[in-house]
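There are 2 protein chains.
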Amino acid sequence: MTSQVTDSLAFLLSKLGQATAERFAERLAPLGLRPRHCAVLQLLEGAPLGQLALARTIGVTPSVVVDMLDELEGVGAVRRTRDTADRRRQLVELTDEGRELSLSAARAAAQVDAELLSGLAPDQRSALRRALTAIATAQDLLPRG
Amino acid sequence: MTSQVTDSLAFLLSKLGQATAERFAERLAPLGLRPRHCAVLQLLEGAPLGQLALARTIGVTPSVVVDMLDELEGVGAVRRTRDTADRRRQLVELTDEGRELSLSAARAAAQVDAELLSGLAPDQRSALRRALTAIATAQDLLPRG
DNA sequence: CCATATGATTAGGTTGCCGAATCATATGGG
DNA sequence: CCCATATGATTCGGCAACCTAATCATATGG
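So the sequence lines, in the order shown, correspond to chains A and B.
Under my numbering, think of the first position of the first sequence as 1, with each following residue one higher.
Under my numbering, think of the first position of the second sequence as 1001, with each following residue one higher.
Written out as structure tokens, the structure reads:
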């Protein structure tokens, strides 16, 4: 009856989160993408953005954005163009290829979801999603309110 | 209505898992511990183990175990002793200090749990735990069957 | 028109993991 | 008995994903 760390939700969530990330990464690999690219692709589906705005929104430093964009340019998903109004600025926009990749990534994610949820009853699934969303919201983890 | 990666459970779980791990790490820091040490401490609460057995059970490579044990020895939580029956083997056992640290770690984890769950109703909490445990079991992530 | 701020980039460091190579010890077959 | 091979621990080098600080180009306000 001693309470154990591995019984905690914190431990369970950490492990499960890591395992899920790995699985998702495997699914994305054939597309030439990695999990961290997904938030970028999705953000750019709206309008083109500067790199600093991108960095702040997804919560990494500007230098990380440089790397990620180098990679995304490498697979032809995004295009950097100097902002003519402010020539310091790189406007990053999605290519058609990028839009397709973003869709494929969403499909990959959905596949992982299906695998994760396969053992759960429908009401369990929705309860899980609601609970996790509530927690993530409370912890201020979600990109768009 | 377009399905988005960030709407997926996979993405949510990855993010939440990482955030939770960071939070847990902050709680453990004053103890001189990190999340990855916890599984080791807990495993050793049973009987002393060799490092290879440790590695296999927690799912990391032997070289990682070496590092972790160096750290745990550094805070006085474990002791390595050559197995007299097989002198290649290091028998790793918990010290009294280690037992106390393990308890403190469990308390830290419980605190994080409380924070995570604070916004949820009791029935939501148990539903969440059941769902996560079911998934983790299905994915073969739990140390002890 | 110069001081200062801002956007992107580069360089270098840290953490946590991995695989391959190394070293000591054990064990079984000739 | 002794050597080939296996096993346990360790070391070393590498990789991924982040960070900070320094640098460079361009803007902007006094």
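For each residue, glycine too, the CB sits at the ideal point set by N, CA and C.
Check, Outcome
"Could you give the DSSP three-state label for alanine 138 (chain A): helix, strand or coil?", "helix"
"Mind the definition here: the stretch 1009-1026 of chain B touches the stretch 1090-1098 of chain B only if three or more C-beta pairs lie below 8 Å; say whether that holds.", "no"
"To which residues of the same chain is aspartate 1083 (chain B) closer than 6 Å at the C-beta, ignoring the five residues directly before and after it?", "Arg1089, Leu1091"
"Less than 9 Å between the C-beta atoms of leucine 116 (chain A) and threonine 20 (chain A), yes or no?", "yes"
"With 9 Å as the threshold, decide whether the Cβ of aspartate 113 (chain A) is near any Cβ in chain B.", "yes"
"Which whole-angstrom value is the C-beta distance of alanine 105 (chain A) and leucine 54 (chain A), which I expect to be below 8 Å?", "In fact, because the Cβ distance is near 17 Å, the residues do not count as touching under 8 Å."
"Alpha carbons only, please: which of A:Ala134, A:Val112, A:Leu132 is nearest the one belonging to alanine 25 (chain A)?", "A:Val112"
"Please decide whether alanine 29 (chain A) counts as near chain B, where near means a Cβ-Cβ distance under 9 Å.", "no"
"Starting from leucine 91 (chain A), trace the alpha helix (DSSP H) in both directions and tell me its first and last residue.", "Leucine 91 (chain A) -> not in any alpha helix (DSSP H); beta strand (DSSP E) instead, spanning 90-94."
"Who are the neighbours of arginine 1129 (chain B) on chain A, taking C-beta pairs under 7 Å?", "Leu9"
"Arginine 56 (chain A) by DSSP, collapsed to three states: which one?", "helix"
"So with Cβ pairs under 9 Å, would you call alanine 1106 (chain B) a contact of chain A?", "yes"
"Using the C-alpha atoms, what's the distance from glutamine 1004 (chain B) back to arginine 1144 (chain B)?", "Its pLDDT being 46, under 50, arginine 1144 (chain B) is placed unreliably by the model, and the measurement read from it follows with that caveat. Cα-Cα distance, rounded: 35 Å."
"Can you name the residues of chain A whose CB is closer than 7 Å to the CB of glycine 1032 (chain B)?", "The contacting residues do not exist; glycine 1032 (chain B) stays about 15 Å from chain A at best."
"Cα separation between histidine 37 (chain A) and alanine 29 (chain A)?", "11 Å"
"Do you know whose CA, among A:Leu43, A:Ala47, A:Glu71, lies nearest glycine 59 (chain A)'s CA?", "A:Leu43"
"Can you name the start and end residues of the alpha helix (DSSP H) that threonine 1081 (chain B) belongs to?", "Looking at the DSSP string, threonine 1081 (chain B) is not in any alpha helix (DSSP H); the run it does join, the beta strand (DSSP E), is 1078-1082."
"What are the partner residues of glycine 1050 (chain B), as DSSP defines its beta bridges?", "B:Leu1091"
"Run down chain A in chain order and give the residues with a C-beta less than 9 Å from the C-beta of valine 1075 (chain B).", "Per Cβ cutoff of 9 Å: no residues; valine 1075 (chain B) is ~16 Å from chain A at best."
"Let me see if you follow: with CB-CB separation under 9 Å, is leucine 1116 (chain B) close to chain A or not?", "yes"
"Nearest to leucine 103 (chain A) by CA position, among A:Glu71, A:Gln51, A:Leu52, A:Ala77, is which residue?", "A:Ala77"
"Would you check if the distance between the CB atom of glutamate 110 (chain A) and the CB atom of serine 1008 (chain B) is smaller than 9 Å?", "According to the sequence displayed, residue 110 (chain A) carries alanine and not glutamate. Yes; because the gap between Cβ atoms is below 9 Å, this pair is in contact."
"Checking contacts by CB at 9 Å: is proline 1035 (chain B) closer than that to chain A?", "yes"
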